[in-house]
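Numbers -19 to -1, 1 to 111, taken from mature numbering (1 follows the signal peptide of the UniProt record, and there is no 0), label the letters of the sequence shown in order. Built from N, CA and C at the ideal position, the CB exists for glycine as well. I have placed the structure first, in the form of structure tokens, so that the comments after it can refer back to it.
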Amino acid sequence: MKKLLIVSAWPFHCSLALAIPLHASFDPGAQYAIVEISGAPERLSVITQRTGISGTSYSARQFNCVTRTVRFMGSATSLQDLASARPDDEETPIFKGSLSRDISDVACDSTSPTPTNPAHQQAELSASTH
């Protein structure tokens, strides 16, 4: 049975409260999930939850989906303590095979604009096949 963590999202705040499971093959004894995504693609804040034999912990990362970089903002055993975690000084590239890559693949895709004009979609499809 899967557990769902509910995080409150204030009205008028660009935040998405959810629980999207992540697969982490390097840590088979733990379950990972994205529990909150907020902000714009150039400065996307993502909170993840890890549940394993040692308990539950939370981590925050800030992604730049445009430049494909990440800044680790800290980790804690509760969402309240996460607010006072100390962030890294710099952004780093997102490497293939990393947890940050798995998170960014989901989070950045959830904030990507999608064309709503069918003619625009057809033009993109035609361009990709030539």
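| request: Assign residue 47 to one of three DSSP states: helix, strand, or coil. | output: Here residue 47 sits in coil by DSSP.
| field | Same chain, Cβ closer than 6 Å to residue 107, neighbours up to 5 away in sequence not counted | value | Bear in mind that the predicted position of residue 107 carries a pLDDT of just 36, short of 50, making it too unreliable to give a figure here.
| query | Excluding the five sequence neighbours on either side, which residues of its own chain have a C-beta within less than 8 Å of the C-beta of residue 2, listed in chain order? | reply | Cβ neighbours of residue 2 beyond the five flanking positions: -18, 12, 13 and 14.
| said: Let's see if you can read the secondary structure: which residues bound the alpha helix (DSSP H) around residue 82? | reply: Boundaries of the alpha helix (DSSP H) harbouring residue 82: 80 to 92, taken from the DSSP string.
| Through-space distance from residue 25 to residue 51, alpha-carbon basis | Approximately 9 Å between the Cα atoms of the pair.
| said: Which same chain residues end up closer than 8 Å to residue 47 when comparing Cβ atoms and leaving out the 5 residues on each side of it in sequence? | reply: Excluding sequence neighbours, residue 47 sits near 22 and 23.
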